[in-house]
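For the sequence shown, our numbering assigns the number 206 to the last residue and increments by one with no breaks.
Positions of the beta carbon are idealized from the N, C-alpha and C atoms, including for glycine.
Structure, as structure tokens:
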Amino acid sequence: MGTWAPTRPGIWAPTLVSLPDVAQNVAAFLLFGVFGVLSTSESYRRQSPRLVVRIATLATLFSATIETLQFYTSDRVGSLTDVFSAAVGAGIGAALVSAWQPRALSRSAKR
Numbered sequence: 096m097g098t099w100a101p102t103r104p105g106i107w108a109p110t111l112v113s114l115p116d117v118a119q120n121v122a123a124f125l126l127f128g129v130f131g132v133l134s135t136s137e138s139y140r141r142q143s144p145r146l147v148v149r150i151a152t153l154a155t156l157f158s159a160t161i162e163t164l165q166f167y168t169s170d171r172v173g174s175l176t177d178v179f180s181a182a183v184g185a186g187i188g189a190a191l192v193s194a195w196q197p198r199a200l201s202r203s204a205k206r
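Shown next, in the form of structure tokens:
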């Protein structure tokens, strides 16, 4: 069966870090955060810190579900790094849109 090492994938590789994989997860879930904020009502967007936390939590749960389902495949490996990078990406995306959105709305109201 072999020995487990953090640099080689196994059944569960919680500390396996692949920089391209982390970058892909952050980029994909950055969009999750952006569209998560844009899909909410305007009155709810005013509570931006709360909204960012909720979207990051949803992304974490979604990513954890994906990683758990990978247990049932023979060619994929679940990783806690993927869950963490998904939460970071969604949080960054949601925070960027939340910070930008009020300024954009105030500019359009002045016209």
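Looking at residue i: is its Cβ nearer than 8 Å to the Cβ of residue j?
| i | j | result |
| --- | --- | --- |
| ALA181 | ALA154 | yes |
| ALA189 | VAL121 | no |
Which term fits residue i, buried or exposed, when burial requires 16 or more other beta carbons within 10 angstroms of its beta carbon?
| i | result |
| --- | --- |
| LEU114 | exposed |
| ALA185 | buried |
| GLU162 | buried |
Please report the distance separating the alpha-carbon of residue i from that of residue j.
| i | j | result |
| --- | --- | --- |
| ALA159 | SER174 | 9 Å |
| GLY97 | GLN165 | In this prediction, GLY97 scores a pLDDT of 46, lower than 50, which makes its location untrustworthy; no coordinate-derived value is stated. |
| LEU144 | TYR167 | Sequence check: residue 144 is Pro here, not Leu. Going from the Cα of PRO144 to the Cα of TYR167 covers about 36 Å. |
| VAL117 | LEU125 | 12 Å |
| SER136 | LEU156 | 22 Å |
| THR176 | GLN119 | 12 Å |
| PHE127 | SER169 | 27 Å |
Round the Cβ separation of residue i and residue j to the nearest angstrom and send it over; I've been treating them as touching at under 8 Å.
| i | j | result |
| --- | --- | --- |
| ILE150 | VAL132 | 7 Å |
| VAL129 | VAL183 | Between VAL183 and VAL129 the Cβ distance is about 14 Å, and since that is not below 8 Å, they are no contact. |
Near residue i, which residues of its chain fall below 6 Å by C-beta distance, leaving aside the five closest residues on each side in sequence?
| i | result |
| --- | --- |
| ARG171 | GLN165 |
| ARG141 | none |
For residue i, I'd like the list of residues in its chain whose CB is within less than 7 Å of its CB, leaving aside the five on either flank, ordered along the chain.
| i | result |
| --- | --- |
| ILE187 | LEU125, GLY128 |
| VAL112 | THR176 |
Might you give, ordered along the chain, the residues of its own chain that have their beta carbon closer than 8 Å to the beta carbon of residue i, omitting 5 neighbours on each side?
| i | result |
| --- | --- |
| TYR139 | LEU146 |
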